[in-house]
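Take a look at the structure set out below.
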C-alpha cells in the first residue's frame, strides 16, 4: 500500500510540475496562480500545498532542474578535446535542438532566469555560464580565440544565441531555431575572435 501511495504521489508531483511549466510559459510566472495550477492538474488548492509550499518553490525547482540538466550537457561538450569551433558548433546545435523540442522549458528559463540564477550551483557541472567561461579561457590560452577576457567572451557568445531564441519565442523570428545554427555558430565565433579561412583553418 505504501508503494502505491509513493507512486501516486510521484505521479501527482510530476503532473503539477508539467502543468506549472506549461502555464508559466503560456501566461507568465507572475500571471499564474496556485489556483490555476491546481485546476489544471485537477486537484484542490490545499492538495497542491502538500507537494510545494508556494508558487515560487515550484518555479525554483523547475528552473534548477532544467537549467542544471542543460548545464551538465554543455559542460560535457565544453570539456571535450576538440577544436574550439567544433565545440561551439556542437553547443549551439544542442541548444537549438533542445529549444525546438522543449519550447515551454526554454521559454520559462529565458524569461525567468533573473529570479533564480542566484540559486544555481557555482561548479561548472551545474552552471552553464561557468562551463562556457572555462571553455573560453581555455580557448584563449590555446590561441584559438582572440578575446582574452573570458567573461566578456562568454557574454558575447551567449548574446548571439539567446537573443535570436527570444525573438523566436515572441514570433519576431520564424523557427525552428536549429535552422539558424550554422549562422549563429559563425557569429558566435566571430565575436570572440575565432575566424576561419576559406580552406577551413583558423586565422
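In the working numbering, the protein residues as written are 3 to 205.
No residue lacks a Cβ here, since even glycine has one placed at the ideal position from N, Cα and C.
Neighbourhood of residue i by C-beta distance below 7 Å, restricted to the same chain and skipping five residues each side
i: residue 135; result: 152, 153 and 156
i: residue 88; result: none
i: residue 75; result: 96
i: residue 82; result: 89
i: residue 47; result: 36, 37 and 40
N- and C-terminal bounds of the alpha helix (DSSP H) containing residue i
i: residue 65; result: 57-80
i: residue 176; result: Where residue 176 is concerned, there is no enclosing alpha helix (DSSP H), given that its DSSP letter is neither H nor E.
i: residue 147; result: No alpha helix (DSSP H) contains residue 147, which DSSP labels as neither H nor E.
i: residue 50; result: 47-50
i: residue 185; result: 183-193
i: residue 89; result: 86-103
i: residue 42; result: 36-43
Proximity below 9 Å, CB of residue i to CB of residue j
i: residue 186; j: residue 162; result: yes
i: residue 111; j: residue 54; result: no
i: residue 70; j: residue 167; result: no
i: residue 158; j: residue 193; result: yes
i: residue 105; j: residue 146; result: no
i: residue 66; j: residue 116; result: no
i: residue 22; j: residue 34; result: yes
i: residue 177; j: residue 102; result: yes
Own chain, CB closer than 6 Å to residue i, minus 5 neighbours either side, in chain order
i: residue 13; result: none
i: residue 129; result: 73, 122 and 123
i: residue 126; result: 77, 132, 133 and 136
i: residue 142; result: 150
i: residue 92; result: 79
Alpha-carbon to alpha-carbon, residue j and residue i
i: residue 63; j: residue 30; result: 16 Å
i: residue 77; j: residue 50; result: 35 Å
i: residue 137; j: residue 43; result: 42 Å
i: residue 2; j: residue 52; result: The chain is shown only over 3 to 205; residue 2 falls outside these bounds and no answer can be derived.
i: residue 202; j: residue 196; result: Note that residue 202 scores a pLDDT of 46, beneath 50, so its modelled location is shaky; the value from the coordinates is reported in the next line. Those two C-alpha atoms are separated by around 12 Å.
i: residue 114; j: residue 27; result: 10 Å
i: residue 183; j: residue 100; result: 12 Å
i: residue 189; j: residue 11; result: 47 Å
9 Å Cβ cutoff, residue i in contact with chain B
i: residue 98; result: Going by chain labels, chain B is absent from the structure shown, which holds only one protein chain.
Contacts around residue i, its chain only, beta-carbon distance under 8 Å, and the 5 residues preceding and following it disregarded
i: residue 3; result: In this prediction, residue 3 has a pLDDT of 42, which is less than 50 and means its spatial position is unreliable; what the coordinates show is noted afterwards. For residue 3, where only same-chain residues beyond five positions count, there are no Cβ hits under 8 Å.
i: residue 60; result: 18, 19, 22, 39 and 54
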